[in-house]
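Chains as they are written, first to last, in my numbering: chain W, 347 to 630; chain S, 347 to 630; chain G, 347 to 630; chain C, 347 to 630.
4 protein chains.
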Amino acid sequence: MTSPTATLLLSCPDRRGLVAEIANFIYSHGGNIVHADHHTDFTRKIFLTRLEWQLEGFDLSREEIAPACEQLAGSLQANWQLHFSDTVRRLSIWVSRQDHCLLDLLWRQKAKEFTAEIPLIISNHEDLKEIALQFGADFHYLPITPDNKAEQEEKQLQLLRDYQIDIVVLAKYMQILRHNFITRFPNIINIHHSFLPAFVGAKPYHQAYKRGVKIIGATAHYVTDELDAGPIIEQDVVRVSHRDEIADLIRKGKDLERIVLARAVRSHLQNRVLVYGDRTVVFG
Amino acid sequence: MTSPTATLLLSCPDRRGLVAEIANFIYSHGGNIVHADHHTDFTRKIFLTRLEWQLEGFDLSREEIAPACEQLAGSLQANWQLHFSDTVRRLSIWVSRQDHCLLDLLWRQKAKEFTAEIPLIISNHEDLKEIALQFGADFHYLPITPDNKAEQEEKQLQLLRDYQIDIVVLAKYMQILRHNFITRFPNIINIHHSFLPAFVGAKPYHQAYKRGVKIIGATAHYVTDELDAGPIIEQDVVRVSHRDEIADLIRKGKDLERIVLARAVRSHLQNRVLVYGDRTVVFG
Amino acid sequence: MTSPTATLLLSCPDRRGLVAEIANFIYSHGGNIVHADHHTDFTRKIFLTRLEWQLEGFDLSREEIAPACEQLAGSLQANWQLHFSDTVRRLSIWVSRQDHCLLDLLWRQKAKEFTAEIPLIISNHEDLKEIALQFGADFHYLPITPDNKAEQEEKQLQLLRDYQIDIVVLAKYMQILRHNFITRFPNIINIHHSFLPAFVGAKPYHQAYKRGVKIIGATAHYVTDELDAGPIIEQDVVRVSHRDEIADLIRKGKDLERIVLARAVRSHLQNRVLVYGDRTVVFG
Amino acid sequence: MTSPTATLLLSCPDRRGLVAEIANFIYSHGGNIVHADHHTDFTRKIFLTRLEWQLEGFDLSREEIAPACEQLAGSLQANWQLHFSDTVRRLSIWVSRQDHCLLDLLWRQKAKEFTAEIPLIISNHEDLKEIALQFGADFHYLPITPDNKAEQEEKQLQLLRDYQIDIVVLAKYMQILRHNFITRFPNIINIHHSFLPAFVGAKPYHQAYKRGVKIIGATAHYVTDELDAGPIIEQDVVRVSHRDEIADLIRKGKDLERIVLARAVRSHLQNRVLVYGDRTVVFG
């Protein structure tokens, strides 16, 4: 499967014949489907699909595919995205002081678990500069105070433009983004250190310890205006006991955080995640 | 989704256009697909699919669908099965002395987690007769000795015919079926009390205890001639520690066994399991 | 280990020499310790211990042990409980309409997973009467309305006294107990169908579905005045996906509920749970 | 708990009074126990314990403690080890070409999850030299062929002596150590990329793929002469499906391997692991 593929993610109102219609669109142009997954949300009457096909033998050029999808989608009243497997996405990782998620993502990218470039690290602290540089990423230090947040976000947006960033990953970036920022750059994945919606807000491990839970979790989600309420991409948990102090919860949580975040980023980069309303479909 | 559906399970050599061709078959007859899942095993170059569509509005009668599928499958060199959602399968549970899996399956059937009838319980012991009767199933006691096994299997086969049984579930039936039986009634699900292929054969919990493992498991699989080597449908595990004696492993294992077996039976009854070679696809 | 044992659960302010002092207390009377587990909560500076020793060879009679513990505890400013392994606790299960937890607990008791008697089932519906009777338990139907709740709770308390009940298990009893009841009978375990503190209150599976979580859970806890906020005994989770409708969450949740509740009841009956403040130690 | 502690790990034939006797030994010298955990293996009639106490206030000097333990152990026919929490163990990591476990262990050491020094990396390949140097460890390249293995093992043993190594961690070192080596340096932890005892030997992920399992695992164990049969310290698993190719199993397995190995190394360094016979107790 090393030949390049196109992936169409599409959601539309459910009706008869959608699978056939979309598969025919690919087939009529000579496309060989390598992955097809469909889901119907019967509660909301929405059809969602992911189709991936080989470009080799497809009789539309790359430039012609998007307009053809547009036409198809129009007749279906569909939302859609088109991706080519050899288009390398550009990712920016934002961090504060903790290094575990950053190091993990950089290692996975180097180990080719992700098809992505990571040219830009942004932080409100200087601690992790060295790791960024070791992995060949530029590091921009933009300290945040209540007073300069708006101003710094302008600089951040400019950096995202300069580096042609497709997706921002908040890898333990301990700052809340303003509405204005999210509106202008909505493609953001965050890792939250709890099993959302349990323990929203600050210091979830302290909350979990206080509550005496027997399991802790981590949640990767898209960032929306409402804090910790964005569509969930991935979650996982680990068992804890009365023997675990807060420091142990934090340590165990770190392992969760990096794995949950990595899975979410990987699913996103493989175009397996479809957001609709406040939820996601993650195609297997 | 209460209107009846047809489900086609199909596997064939992979080639271009299969998704479209099969979806068109449904659509051209006016079928509304409610579930479509495909998988391509690129190693073995096999395409596998599960399509479920509403019979309402479909322009083929039930009697016409199978011949039409036969024709489609012929052109694809495909293996296929066709199921109607309102055909209630008839299940026979075979047990020895342990009741946990039997009780669990009977309860789930009563709770409508399964769409199936369970008219026949067979056992080589008399212990569980009362449970069978409570749930309205007939109970046949067929003790097994090395000398009478062949003879008893003839009686068992006759019972399966008499009760028009579609599927046998070995719910802790501690006897090995002979080649001759399996050939004549191949539709058998077994629960093995280990994480296969670890601890094949007898007394897996004793083996696990001796080996000092930190996790134990259970495996539901189709029965084949080779002991404990049939295609795996479902597995799950639970953590154990040095504090767990063999009795604890057995107790924890029971919870695993009944859940793993129930999941496998449910997937089978929902026509989600496709066997190819010595492995399965379990559609989500 | 079939000879009877005594178990001392004790918590007190932490200080030097506690392990030695308490072990000496047992040993000086000729006791053979079969299980000893200690925990120090360094945040709260509390020492908690569970000691189990054989009564055979112990030079205090059963009647003398409690006063001796009282004396020991006094010098340590300790809270303590004493249990004998051959004292069979009497358990009352309260249900509404769902049978899965009730059936599961009754089966486990019959299978000797619990050392307990279950003489009394109480319900605000009549649906589960037959199951109770099948397992030899009395069934009392006490329908609840906003108007008669106080009155019915008096009857419930009287039943608990009449049947000499030690512990009440709310096995999907969909009613909130009043402060007055909990004060007078504080020994109550509840199963909540979510991963607390996520989704407190009503209809947690509907909440979970709406939120689009990727994992659901269940929580067994002691009942306190504050709804869903009592000390947690056990939790567990299961993975779900976009394919799971609310009915699937409920079905998967049932398997969790019965296992989590059973583990909690078992830990309680084995005197492994020590409550301190709003949390528990569950000794392994 | 920042003041230094001593930890005694001890196993001996079970008999009456052991907990009291050992706790008294600590207490009689003024020791404040901060962690005490005991286990009795009733099958083998062996008592195992871990006691950790503060050195502050203890009336024996460090030099006097070992002889006192020796005396205590003599009377109990016990095996024992004594560790001081501020003695930093020296660890050597051995690798071949895969970097994930190495990087993970080095990161955890730097993040202070381990109290250990890692001065020496040994490999039969040169690929991971740079990572070793980045984290300040010496890197020794010792290529292995069937002909030079005995000779290279002599050099390896000399390096272990030169660097005063306490424990060797085989972090995906794809070579089998000879009997002669293990006898002379028995303190070795290995990570095996399967849920042992399933898939012993080479290429476990290929074996798992072929068998069609639904769950894969990883196992950390002490190395003994019998390949993949040493005492298990830690195991964990992850779910896979028919969609996972061998490359996916390997990728998912890597996450397991590094977490399972890290947990095992951490438990070992915290002196929580007691080997007896061919199994372990891992104190919580």
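Glycine included, each C-beta is placed from N, C-alpha and C at the ideal position.
Task: Beta-carbon contacts of M347/W that lie in its chain and below 7 Å, excluding the five residues immediately before and after - done: Because the pLDDT at M347/W is just 48, under 50, the model does not fix this residue reliably, and the value given afterwards should be weighed accordingly. Correct list, in chain order: V380.
Task: Cutoff 7 Å; reference L406/W; Cβ partners in own chain excluding five residues on either side - done: H375 and A414
Open item on the list: Is Q423/S close to chain G? Criterion is C-beta to C-beta, closer than 8 Å.
Closed with: no
- [ ] Give the DSSP bridge partners of D624/S, in chain order.
- [x] DSSP lists no partner for D624/S.
Open item on the list: Taking CB distances under 8 Å as the criterion, tell me whether R625/S reaches chain W.
Closed with: no
TODO: Starting from G563/C, find everything on chain G with Cβ-Cβ shorter than 9 Å and list it in chain order.
DONE: Going along chain G, no residue has its Cβ under 9 Å from G563/C, so there is no contact; the nearest lies around 17 Å.
Task: C-beta contact flag for K501/W and F481/W at 8 Å - done: no
Task: Run of the alpha helix (DSSP H) containing Y568/W, from where it starts to where it stops - done: From DSSP, Y568/W is part of no alpha helix (DSSP H) but of the beta strand (DSSP E) over I561 to Y568.
Task: alpha helix (DSSP H) segment containing A352/W, residue limits - done: Run containing A352/W: none in the alpha helix (DSSP H); it sits in the beta strand (DSSP E), T351 to P359.
Task: Buried or exposed (CB count within 10 angstroms, at least 16 for buried), S613/C - done: buried
Open item on the list: Looking at W440/G: is its Cβ nearer than 8 Å to the Cβ of L516/G?
Closed with: yes
- [ ] Could you check what DSSP says for F393/S in three-state terms: helix, strand or coil?
- [x] strand
Task: Reference V586/S; option with closest CA among D484/S, V559/S and E416/S - done: V559/S
- [ ] Mind listing the chain W neighbours of R589/G? Cutoff is C-beta to C-beta under 7 Å, in chain order.
- [x] H385
Task: Contacts around Y622/S, its chain only, beta-carbon distance under 7 Å, and the 5 residues preceding and following it disregarded - done: S357, I392 and L394
- [ ] Pull up the DSSP beta-bridge partners for A462/C, would you.
- [x] R435/C
Open item on the list: Judging by CA-CA distance, which residue of L523/G, T386/G, G363/G and L364/G is the nearest neighbour of E497/G?
Closed with: L523/G
- [ ] State yes or no: is the beta carbon of N494/S nearer than 8 Å to at least one beta carbon in chain W?
- [x] no
TODO: Identify which residue in L595/W, P359/W, Q423/W and H471/W has its Cα closest to the Cα of K549/W.
DONE: L595/W
Open item on the list: If I follow the unbroken alpha helix (DSSP H) through N526/G, where does it start and stop?
Closed with: H525 to R530
TODO: State the Cα-Cα distance for the pair P532/G and D508/G, rounded to the nearest angstrom.
DONE: 17 Å
TODO: Please determine if the region 429 to 436 of chain G and the region 460 to 472 of chain G are in contact, where contact requires at least 3 C-beta pairs separated by less than 8 Å.
DONE: yes
- [ ] Go ahead and label N519/W buried or exposed: buried means 16 or more other beta carbons lie within 10 angstroms of its beta carbon, across all protein chains shown.
- [x] The sequence as given places Tyr at residue 519/W; Asn does not occur at that position. Per the 10 Å Cβ criterion, buried.
Open item on the list: Give me, in chain order, the residues of the same chain whose beta-carbon lies closer than 6 Å to that of L364/S; leave out the 5 immediate sequence neighbours on both sides.
Closed with: F393
TODO: Enumerate in chain order the residues of its own chain whose CB-to-CB distance from V546/C is below 6 Å, with the five nearest sequence positions on each side excluded.
DONE: D574
Open item on the list: Does F527/G pass the burial test, meaning 16 or more other C-beta atoms within 10 Å, or should it be called exposed?
Closed with: buried
Open item on the list: Using the three-state DSSP reduction, which class does Q480/S fall into: helix, strand or coil?
Closed with: helix
Open item on the list: I'd like to check one pair, I467/C with I333/C: are the Cβ atoms closer than 8 Å?
Closed with: One cannot answer for residue 333/C here, as it falls past the ends of chain C, which runs 347 to 630.
Task: Where F541/C meets chain S, residues with beta-carbon distance less than 9 Å - done: F541, A544, V559, I561, G563 and V583
Task: Simplified DSSP state of M347/W, which is helix, strand or coil - done: Only weak support is given to the placement of M347/W: the predicted model assigns it a pLDDT of 48, under 50, and the question is left unresolved by the model.
Task: Cross-chain neighbours of Q480/C in chain W, by beta carbon under 8 Å - done: Q480
Open item on the list: For R454/W, tell me which candidate among V628/C, G630/C and R597/C has the shortest Cα-Cα distance.
Closed with: R597/C
Task: Cβ-based neighbour list, V627/G, same chain, cut-off 6 Å, excluding 5 preceding and 5 following - done: H385, L394 and L620
- [ ] Give the residues of chain G in contact with R396/C, contact being defined as C-beta atoms less than 9 Å apart.
- [x] Residues of chain G passing the Cβ test: none, with the nearest at roughly 11 Å.
- [ ] Could you check the C-alpha separation between V584/S and A544/W for me, to the nearest Å?
- [x] 25 Å
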